[in-house]
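A.B. asks: Take this structure first; my questions come after.
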Amino acid sequence: MTTDSSSTNRAPAEGISTFKGRERALRADRLGTGGLLLSVLAATAPLMVVAGVMPTTFAVMGIVGQPLLFVVLGAVLVLFSLGYAEMSRHVHNAGAFYAYISRGLGGTAGAGAALVALVAYNSLQVGIYGIFGFEVSGLFATYADLEVAWWIPALAAALAVGVLGWLKIDVNAKVLGVLLVIEVLLVVVFDIAAVADPGPEGLSLHAFNPDTLTGAGVGTALCFCIAAFLGFEQAPVYAEETSRPHVLVPRVMFLAVTGVAVFFALSSWALTVATGPATIVPTSQEQSAGLLFFLTEDRLGAAFTDVLHVLFVTGMFAAMLSFHNVVARYAFAMGREGLLPAAFGRTTGSSGAPGTGSLLQTGIAVVLVLTFALTDDKPAGDPTAPVLRLFTWGGNIGALGVIVLMAIASLSVVVFFVRRGAAGAQAWRLATSAVAGTALLVIAGYTVKDFDVLVGAGPDSALRWILPGVIGLALVVGLVQGAILRARAPETHARIGLGNEAFQLEKEAEHTP
């Protein structure tokens, strides 16, 4: 990906058409540290990770050292966050990833990153509808003896999330926060119970032994585990809606990534303690996504397990709502800067929410859920059933997109500060960004290489290239759009990544005698 000379220290050049009116800016002072942290952490869906991602990683990859993988990934993402958070002090834009990449690598690269972000976060959000519908359908069958097709609760959730997308972010933060806190508390209760009543091998720390990470499956296991962290990188998306973004965004990012790393490392270790490290893999293969519920029923009883099932569903709803908010804000930023129609770049109603972007995401979700529902000709428990394909395909396409964005953002951090003449002052942050970017590129490579494993397709299946190709296609289309804008609409191209700054600079110019 090449850079262009318009990327550094850009301000609206003479003749650039910028933004007028409050509807072109998200409402500031609406989020503090707590609200921002809850909004970000809700996307990690802790219970979905502990009950879904962790057993799948143990079962599919056969690697006992998953707790150590969370520690390693936490270290990599802290290194990434050092440069990423420093960028957030200089760039406040709801299009976080692509805004940062635009400032470092130029508007054309930013246009490519914008479309990748829009596709990736849409994929993550829509993918969760699949597993949400599957689980809610199961709850109706178990507790109400009622058969409900998975797509009915999925569509209902899509509409409910769409409505909440129109409301104030502080309302959403309260919804997300309550669900998140309850989820975390329930997992902590299980962790304590597992430590208090360990399996046949006692309180073994074998899962933290580096020897457990030997084998061909480590790279693919990293792909599974990094998906558990997705959400912390969303903090800068809300920068315009905080009173002190240069303080709150870095603070929330570090709290999120370190908290997630410690929480998931300890929780995955608790799973190995409950079964015993020697039997965690075969037990996971036998129980699959039912592993956590199997272990809690034995230690904490049926009532606790029933509550856990319900919170598993509400946690997924919280994650859907969080990703929906991010997609809406990316669409808002892109509309404001000419990468989407101008209607997306305006806030709506008294809430000041990016309503058009919210409608876009809801429409995409409804169309995709209906598409998979219309092709649903297999039992829901079949791993090839559309309900589960929606989850695995969407989740892994989205995870790959975010990994690619983080790797490119790491490079943009280096270029941004070098071009500003701050390489010396920021030397250690540039070094950590380079290390993190290299590690993320390696993980992205493993993700593409083993995509057939990640989505449960055969090694000869065309899906192993078609599905990751969605991200590649988004990148190419975005780059082409950026190149066309640079040639035909240079004033729009120069605006990419500036966001609300272009509007503020024009206001200052209008008031200058």
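Position one of the sequence shown corresponds to residue -14 (my numbering), numbered consecutively onward.
Each residue gets a CB set at the ideal place from its N, CA and C atoms; glycine is no exception.
Compare the Cα-Cα distances from Val67 to each of Glu476, Ser418 and Phe402 and report the closest residue.
C.D. replies: It is worth fixing the name first, because residue 67 is Leu in this sequence and not Val. For Leu67, the nearest C-alpha among the options comes from Ser418.
A.B. asks: Please determine, among Trp450, Val440, Arg405 and Arg449, the residue with the shortest C-alpha to C-alpha distance to Met72.
C.D. replies: It is Arg405 whose Cα lies nearest to the Cα of Met72.
A.B. asks: Would you mind sorting Gly6 into buried or exposed? The rule is 16 or more other CB atoms within 10 Å of its CB.
C.D. replies: In this prediction, Gly6 has a pLDDT of 42, which is less than 50 and means its spatial position is unreliable; what the coordinates show is noted afterwards. Exposed, by the Cβ-count rule.
A.B. asks: From what residue to what residue does the alpha helix (DSSP H) around Val203 run?
C.D. replies: Here the alpha helix (DSSP H) through Val203 covers Val203 to Ile211.
A.B. asks: For Gly19, is the classification buried or exposed, using 16 other Cβ atoms within 10 angstroms of its Cβ as the cut-off for buried?
C.D. replies: Label assigned to Gly19: exposed.
A.B. asks: Near Phe175, what residues of its chain come up, given a Cβ to Cβ distance below 6 angstroms and the 5 sequence neighbours on each side ignored?
C.D. replies: These residues qualify, in order along the chain: Thr281.
A.B. asks: What residue range does the alpha helix (DSSP H) around Trp413 cover?
C.D. replies: Ala412 to Lys434 is the extent of the alpha helix (DSSP H) around Trp413.
A.B. asks: Tyr106 to Val354, Cα distance in whole Å?
C.D. replies: Roughly 16 angstroms separates the two Cα atoms.
A.B. asks: Rounding to the nearest angstrom, what Cα-Cα distance links Ile451 and Val399 in this structure?
C.D. replies: So the alpha carbons of these two residues sit roughly 32 angstroms apart.
A.B. asks: Excluding the 5 residues flanking Val351 on each side, which residues of the same chain have their C-beta closer than 6 angstroms to its C-beta?
C.D. replies: Result list for Val351: Ala143, in chain order.
A.B. asks: Quick check: the Cα distance between Thr477 and Ala318, rounded to an integer number of angstroms?
C.D. replies: Rounded to the nearest angstrom, the two C-alpha atoms are 13 angstroms apart.
A.B. asks: Give the list of continuous alpha helix (DSSP H) stretches no shorter than 4 residues that lie fully inside the stretch 225 to 275.
C.D. replies: The qualifying runs are 230 to 260 and 265 to 272.
A.B. asks: For the stretch 199 to 209 and the stretch 19 to 37, state whether three or more C-beta atom pairs, one from each stretch, are separated by less than 8 angstroms.
C.D. replies: No: fewer than three Cβ pairs fall under 8 angstroms.
A.B. asks: With a threshold of 8 angstroms, are at least 3 pairs of Cβ atoms found where one atom belongs to the stretch 89 to 105 and the other to the stretch 116 to 125?
C.D. replies: Verdict: no, contact absent.
A.B. asks: Do the stretch 250 to 266 and the stretch 47 to 58 touch if we need at least three Cβ pairs shorter than 8 angstroms?
C.D. replies: Yes, the stretch 250 to 266 touches the stretch 47 to 58.
A.B. asks: Here's a check: name, in chain order, each residue in its chain whose Cβ is nearer than 6 angstroms to the Cβ of Leu483, leaving out the five neighbours to either side.
C.D. replies: Cβ neighbours of Leu483 beyond the five flanking positions: none.
A.B. asks: Quick check: the Cα distance between Ala412 and Phe82, rounded to an integer number of angstroms?
C.D. replies: Using only the alpha carbons, I get a separation of about 22 angstroms.
A.B. asks: Along the alpha helix (DSSP H) that carries Pro52, what are the first and last residues, could you check?
C.D. replies: Start and end: Gln51 to Ser73.
A.B. asks: What would DSSP say about Ala145, mapped onto helix, strand or coil?
C.D. replies: It is helical.
A.B. asks: Give the straight-line distance between the Cα atoms of Ala474 and Tyr85, rounded to the nearest whole angstrom.
C.D. replies: Going by the C-alpha atoms only, they are around 21 angstroms apart.
A.B. asks: Let me know if Glu322 comes out buried or exposed under the rule of 16 or more other beta-carbons within 10 Å of its beta-carbon.
C.D. replies: The residue is buried, with at least 16 neighbouring Cβ atoms inside 10 Å.
A.B. asks: Just to confirm, is the Cβ distance from Ala274 to Pro444 under 8 angstroms?
C.D. replies: No, they are not a contact pair.
A.B. asks: Select from Ile481, Val111 and Pro221 the residue whose C-alpha is nearest the C-alpha of Arg236.
C.D. replies: Closest option to Arg236, Cα to Cα, is Pro221.
A.B. asks: What is the C-beta distance between Ala139 and Gly118, in whole angstroms, given that I count them as a contact (C-beta under 8 angstroms)?
C.D. replies: With a Cβ gap of about 3 angstroms, Ala139 and Gly118 count as contacting.
A.B. asks: Per DSSP, what kind of secondary structure is Arg480 in: helix, strand or coil?
C.D. replies: Here Arg480 sits in helix by DSSP.
A.B. asks: Return helix, strand or coil for Thr347, following the three-state DSSP convention.
C.D. replies: Three-state DSSP puts Thr347 in a helix.
A.B. asks: Given this structure, state the Cα-to-Cα distance separating Gly286 from Leu296, to the nearest angstrom.
C.D. replies: Cα to Cα, Gly286 sits roughly 16 angstroms from Leu296.
A.B. asks: Going by CA-CA distance only, name the one from Leu21, Asp435, Ala27 and Ala394 that's closest to Leu215.
C.D. replies: Ranking the options by Cα distance to Leu215, first place goes to Ala27.
A.B. asks: Quick one: grab the DSSP three-state call for Ala338.
C.D. replies: Correct three-state label for Ala338: strand.
A.B. asks: Let's test the definition: count the other Cβ atoms within 10 Å of the Cβ of Pro262 and tell me whether it reaches 16, buried, or not, exposed.
C.D. replies: By the neighbour-count rule (16 or more Cβ atoms within 10 Å), Pro262 is buried.
A.B. asks: Leaving aside the five residues before and after Glu8 along the sequence, list all residues of the same chain whose C-beta is less than 7 angstroms from its C-beta, in chain order.
C.D. replies: The predicted model places Glu8 with a pLDDT of 49, which falls under 50 and marks its position as unreliable; any figure quoted below should be read in that light. Cβ within range, chain order: Arg331 and Thr332.
A.B. asks: If you count every other CB in all the chains shown that lies within 10 Å of the CB of Ala442, and 16 or more means buried, which is it?
C.D. replies: It counts as buried.
A.B. asks: Between which two residues does the alpha helix (DSSP H) carrying Ala129 extend?
C.D. replies: Per DSSP, Ala129 belongs to no alpha helix (DSSP H) and is neither H nor E.
A.B. asks: In terms of residue numbering, what span does the alpha helix (DSSP H) encompassing Pro453 cover?
C.D. replies: Residues Leu448 to Arg473.
A.B. asks: Ends of the alpha helix (DSSP H) at Leu90?
C.D. replies: Looking at the DSSP string, the run of the alpha helix (DSSP H) that includes Leu90 is Ala81 to Leu90.
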